[in-house]
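Protein chains: 2
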Amino acid sequence: MDILYDEAIDGALAPFEKADVLRDLQHSAPTLRLLHREEDLRPFECDGLAAYRVLPMLVAMPDNLDEVEILLKRCHALGVPVVTRGAGTGLSGGALPLERGVLLVMSRFQQIINIDPDARTATLQPGVRNLAISEAAAPYGLYYAPDPSSQIACSIGGNVAENAGGVHCLKYGLTVNNVMRVDVLTIEGEAMTLGAEALDAPGFDLLALFNGSEGMLGVITEITVKLLPLPEVAKVLMASFDDVEKAGKAVGDIIAAGIIPGGLEMMDKLAIQAAEDFVHAGYPVEAEAILLCELDGVLADVDDDCDTVRGVLENAGATDIRLARNAAERAVFWSGRKNAFPAVGRISPDYYCMDGTIPRRELPRVLNGIAELSRESGLRVANVFHAGDGNMHPLILFDANREGELALAEDVGGRILELCVAAGGSITGEHGVGREKINQMCSQFDADEITLFHALKAAFDPQRLLNPGKNIPTLARCAEFGAMHVHNNELAHPELPRF
Amino acid sequence: MDILYDEAIDGALAPFEKADVLRDLQHSAPTLRLLHREEDLRPFECDGLAAYRVLPMLVAMPDNLDEVEILLKRCHALGVPVVTRGAGTGLSGGALPLERGVLLVMSRFQQIINIDPDARTATLQPGVRNLAISEAAAPYGLYYAPDPSSQIACSIGGNVAENAGGVHCLKYGLTVNNVMRVDVLTIEGEAMTLGAEALDAPGFDLLALFNGSEGMLGVITEITVKLLPLPEVAKVLMASFDDVEKAGKAVGDIIAAGIIPGGLEMMDKLAIQAAEDFVHAGYPVEAEAILLCELDGVLADVDDDCDTVRGVLENAGATDIRLARNAAERAVFWSGRKNAFPAVGRISPDYYCMDGTIPRRELPRVLNGIAELSRESGLRVANVFHAGDGNMHPLILFDANREGELALAEDVGGRILELCVAAGGSITGEHGVGREKINQMCSQFDADEITLFHALKAAFDPQRLLNPGKNIPTLARCAEFGAMHVHNNELAHPELPRF
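Residue numbers (the working numbering), protein chains in the order written: chain A, 46 to 544; chain B, 46 to 544.
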């Protein structure tokens, strides 16, 4: 794959040497843990998107904020790029290192600073695992709502950087809707507090700007999140359909009926079969699609809502509807969905996970379009996704050992994202742009918008030292991508400014 | 009052003449309605904050987006500042005109473009009145949640520009939480779409950045908002307290009990008495404070929640608790709250309405602090506010005809806001910074943060032509304000950059 980070930092880098940087950091921050030998750097060469690998120049693993501040100040002074990494579970290569950059690993900041059950907030260091927040809040009857699939491992700092989602986001919002305050260090090592525990904040909304900024604006050092009361009860319905389009339409019908489910997930035949083979959840393997609809809240409401949803599903043509009779069966219903990705991994040597979003009403049409792309390319595509909020996760199955299949999978993936954009959606719902979707950003945004993004970035980091080459493509890249598609390092329009 | 807009545009302005600008605009946009005679300009000299008045150079009242685009392109070319105005109901002087600037009045864009009951969205021109959205959605059983007191008159474009709040924002969020997509024109006349009807959007969160940006980043031309289902039932409890602190503490206790009321409002004795004299709502005039707590949702829940809240209020020391028995009594309970501002206007020649926010747990302490400031200054202060989300609206009563009282009121207001900031809150919850709180921004933010705000502004509008002198103070102003307090035009630190 083409690795073109240099386009973003080209010319901005001072002519530093690795040995000099190492010596400088060892001298400036004597206690800072620094890795510099190839065998020590190797474990950090990729994040959850293992298809992209780059050995970092150096890895820094600070234990305290003083070390982070010194590191940033020195890198700023020396002109050395910094890529921040949390738990490294990201799926878009946002924490992919730079050959000529420091990888700042924040995983040691694991302290839960405070749980305030009255204000219903948790204050956390950035390395605290997502699930650990809900575990710490559970004794107070509270939990943290956003629940990415990686919640057992991913950290809250990374969740903010990627504006992570999850099954519960339909009802409870993305990370941005659940974060109240963030402390950051700028590339210059200056501390800033964004947002407040109080409502709103004057000035521009820097807190929202940081959510999903993919490590390009600053380093997150502390986070206050909202906690929600655990629902009194949760019930799950599983509906089978003999047609993917009918299932897609049922999704919109449920929302239109005035129900906001705690989760509303869809799986198609290939995903159902793979999951059933793997976890034996009792899924209907002959169905073309299933919907899993979780309703949570107070018992009386949930029962009412179950009746309403059942009626909507029947009208939409569901061939079978089952209600989980107890907590154990509910867990079984969910087990297939939660293990769908590894299950698909068992039936194909490789798969490529997409993350497009679309308006709900476009689900039937886009699902059809994906099926057509699958037929055309000969690559199987499994669909398993957050249907309720139109966040699709098509899994493109391929074999990297077969000549040209990786490129074909990437091409199909790109086309699926373009389909999402054309339907009024976007190229990423919860996985971020990172390194992976940098080219698709050019189909989502025009040159004026890309230029504006760069200007915003420059307001925080004029030297472009924080995570360069991710999230926002250069105009040169877009010109190139638009003119010649990927895999070509020649500039189509060298006269365009190289941000 | 000191009017120092020029600080913000000083040096940036080309040496234009009013007559030349008028002639240019008449020529470029022959159909554009332009006002230029003093008697025509007079009605636009202030917004809802009538204490500040400036006659605009010109007023433009476009009927279509082509006219807006041409106007912006010409003003950009000529270096003429543009202040955008919606319905003119803002309370912080955000739409205060410039002596040497065009006032762009968007009030003619009143079309409801689309109500989509399935997607639960409304697409609107910016001049659509807030209440008109809910009226148009009502036939589908839907409504638009944010409900500023001015909702009968204020427009959705202004709501976005100020990130407006209201009674329902505790449960349903501010404007930013209810807007999905905004179309804008930049100062260069370029069209951009921010956000999407689909979940999330890649790149930086420009939609959130526009919410509350007070007309400094672009002109809003179209808006898609979320609609919510009308609750099945709403009930209101009114609780009396013999002590303001006890009422303040009860607010936190209700939230801590796991209840998110549809509205949770507080009034102190002075506000209660003024309201009762005015609307005869049956308020307990001997009480030191009342809480109005509205619970909405499904009947069974609402009844449960009413019982829970009643228990919490009793434990918190409420001396009397009344439940509105029917819709008519509910309307009566609310009538006092909704008319509290004009009611206070009846007992004082002038009042100054503040808009600070604080973390809920700080309510008792800050209410005490306000009482002390009132005693010290001799000015009466009435408190009537969104207690649930810690958004305070102290009304400082004064008589502008008495020598020095306006300045004293402003001073007390400034101290109250500083109290809010010191308690971990902010200087504005829903009214915006505008012209009014520009000095207090210097106590909320440090020089690095202010510099960052200017850099963000410059990413959209490098010539600083859009609403200069509002929202974000210059560093020179902050140096001056910090060193010498208000009302002094001399620069304390002339060497500081003049953004």
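All residues carry an ideal CB built from backbone N, CA and C; glycine is no exception.
Which same chain residues, not among the five before or five after residue i, have their C-beta less than 6 Å away from its C-beta?
i               : result
K63 of chain A  : M102
F498 of chain B : I517
V377 of chain B : A326
T238 of chain B : D228
G257 of chain B : N208
G381 of chain A : A320, V324, A326, Y328
Is the Cβ-Cβ distance between residue i and residue j less than 8 Å?
i               : j               : result
A301 of chain B : D163 of chain A : yes
G138 of chain B : Y97 of chain B  : yes
N428 of chain B : A316 of chain B : yes
I414 of chain A : L337 of chain A : Ile is not the amino acid found at residue 414 of chain A; the sequence shown has Gly there. Contact flag unset, no.
H121 of chain A : E233 of chain A : yes
V212 of chain B : V150 of chain B : no
A432 of chain B : V296 of chain B : yes
G401 of chain A : L462 of chain A : yes
N512 of chain A : E475 of chain A : no
Return no unless some Cβ of chain A is closer than 8 Å to the Cβ of residue i.
i               : result
R406 of chain B : yes
E455 of chain B : no
I517 of chain B : yes
S488 of chain B : no
T473 of chain B : yes
P162 of chain B : yes
T129 of chain B : no
D92 of chain B  : no
E242 of chain B : yes
V531 of chain B : Because the pLDDT at V531 of chain B is just 27, under 50, the model does not fix this residue reliably, and the point stays unresolved.
G248 of chain B : yes
Between which two residues does the beta strand (DSSP E) carrying residue i extend?
i               : result
E267 of chain B : 264-271
F430 of chain A : 426-431
P439 of chain B : 439-443
S258 of chain B : Unbroken run through S258 of chain B: none, as it is neither H nor E.
N204 of chain A : That residue, N204 of chain A, is in no beta strand (DSSP E); its alpha helix (DSSP H) goes 201-207.
G308 of chain A : 308-313
F249 of chain A : Where F249 of chain A is concerned, there is no enclosing beta strand (DSSP E), given that its DSSP letter is neither H nor E.
F286 of chain B : 278-286
Determine, using beta carbons only, whether residue i comes closer than 8 Å to chain B.
i               : result
A320 of chain A : no
M399 of chain A : no
R254 of chain A : The displayed chain sequence assigns Leu, not Arg, to residue 254 of chain A. For L254 of chain A, the answer is yes, since a Cβ of chain B falls inside 8 Å of its Cβ.
Would you mind reading off the limits of the alpha helix (DSSP H) that contains residue i?
i               : result
V221 of chain B : Unbroken run through V221 of chain B: none, as it is neither H nor E.
G414 of chain B : 408-422
D365 of chain B : Note, D365 of chain B: premise wrong, no alpha helix (DSSP H); beta strand (DSSP E) at 365-368.
G381 of chain A : 372-383
K291 of chain B : 289-301
I157 of chain A : No alpha helix (DSSP H) holds I157 of chain A; the beta strand (DSSP E) holding it covers 157-161.
I461 of chain A : 450-467
I178 of chain B : 175-182
C120 of chain B : 110-123
Thinking just about the alpha-carbon of each residue, which of the options is nearest to the one in residue i?
i               : options                        : result
V128 of chain A : A:E339, A:N484, A:M261         : A:M261
D434 of chain A : A:L187, A:R82, A:L309          : A:L309
L136 of chain A : A:V147, A:V278, A:P184, A:A206 : A:A206
E242 of chain A : A:Q196, A:V270, A:N512         : A:V270
A500 of chain A : B:D65, B:G248, B:S73           : B:G248
H438 of chain B : B:I403, B:L254, B:N446         : B:I403
L27 of chain A  : A:G146, A:S195, A:V330         : Nothing can be reported for residue 27 of chain A: it is not among the residues displayed for chain A, which extend from 46 to 544.
A524 of chain A : A:P507, A:A492, A:I335, A:E374 : A:A492
R165 of chain B : B:L272, B:R130, B:I201, B:L418 : B:L272
G549 of chain A : A:N484, A:D192, A:M106, A:A279 : As shown, chain A starts at 46 and ends at 544. That puts residue 549 of chain A outside it, with no answer to give.
P126 of chain B : B:A416, B:Q508, B:M312, B:V347 : B:Q508
Counting only the same chain and skipping the five closest in sequence on each side, list residues whose C-beta sits under 7 Å from that of residue i.
i               : result
F154 of chain A : Q170, P171, G172
L424 of chain B : I441, L442, F443, L453, A454, V457
L275 of chain A : G186, L187, Y188
I160 of chain A : A167, A181, A182, Y185
Just to confirm my understanding: we take residue i, look at its own chain, exclude 5 residues before and 5 after, and list those with CB closer than 8 Å. What are they?
i               : result
P394 of chain A : F443, D444, A445, N446
R391 of chain B : A319, D322, F323
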